[in-house]
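Numbering (the UniProt record's numbering), first residue to last: 1 to 162. Each residue gets a CB set at the ideal place from its N, CA and C atoms; glycine is no exception. To keep things clear, I will list the structure first and then write my remarks on it.
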């Protein structure tokens with residue numbers, strides 16, 4: 001290959017790469033991962049085609065429901081705050097408009113997971129009697145008296161609460 005052809009090929013290759021990178025950036029075709037710190041919470045999410053992928057929000061915490069809930073609530077705050085900020089501080093350009101639309105769409109469409117994890121409460125005497133009666137009915141014990149006594153105790157407690 002002669003030197004002029006090599007130079008022309010290199011120029012063409014660099015120009016096409018720059019145009020391709022610019023198009024990918026403008027169209028948002030690549031999936032991008034974003035990680036943000038907010039209120040001592042590390043929030044990660046992905047976006048592609050200028051849309052936040054809801055299923056990717058806090059995916060790294062999905063197996064710990066209490067942390068996942070806190071993270072998705074913080075993510076919702078970020079989307080709302082980013083939308084508000086971008087609306088109040090007008091910028092210009094295609095990338096600005098796409099970013100603003102992305103966060104404003106997510107601020108209204110993203111639904112956080114709301115979970116409250118607490119220790120199980122103590123079962124009431126009525127609930128314990130009901131469980132014992134049911135257990136003995138299902139097990140069909142050799143002693144019918146034990147089943148009848150447990151179920152009678154349950155019925156007595158039930159009538160007291162009514």
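{"query": "Counted within 10 angstroms of its Cβ, other Cβ atoms place residue 115 as buried (16 or more) or exposed", "result": "exposed"}
{"query": "Three-state secondary structure (DSSP) of residue 41", "result": "strand"}
{"query": "Beta-carbon contacts of residue 98 that lie in its chain and below 6 Å, excluding the five residues immediately before and after", "result": "50"}
{"query": "First and last residue of the uninterrupted alpha helix (DSSP H) at residue 65", "result": "65 to 88"}
{"query": "Nearest neighbour of residue 84, chosen from 56, 29, 106 and 93 [CA to CA]", "result": "106"}
{"query": "Between the CA atoms of residue 130 and residue 156 - distance to the nearest angstrom", "result": "11 Å"}
{"query": "Nearest-angstrom Cα separation, counted from residue 30 out to residue 121", "result": "48 Å"}
{"query": "Three-state secondary structure (DSSP) of residue 48", "result": "strand"}
{"query": "Cβ-Cβ distance between residue 103 and residue 79 below 9 Å", "result": "yes"}
{"query": "Own chain partners of residue 48 with C-beta closer than 6 Å, once the 5 adjacent residues on each side are dropped", "result": "31"}
{"query": "Where the alpha helix (DSSP H) through residue 113 begins and ends", "result": "Careful: residue 113 lies outside any alpha helix (DSSP H) and carries neither H nor E."}
{"query": "Minimum C-alpha distance to residue 160 - residue among 65, 126, 117 and 108", "result": "126"}
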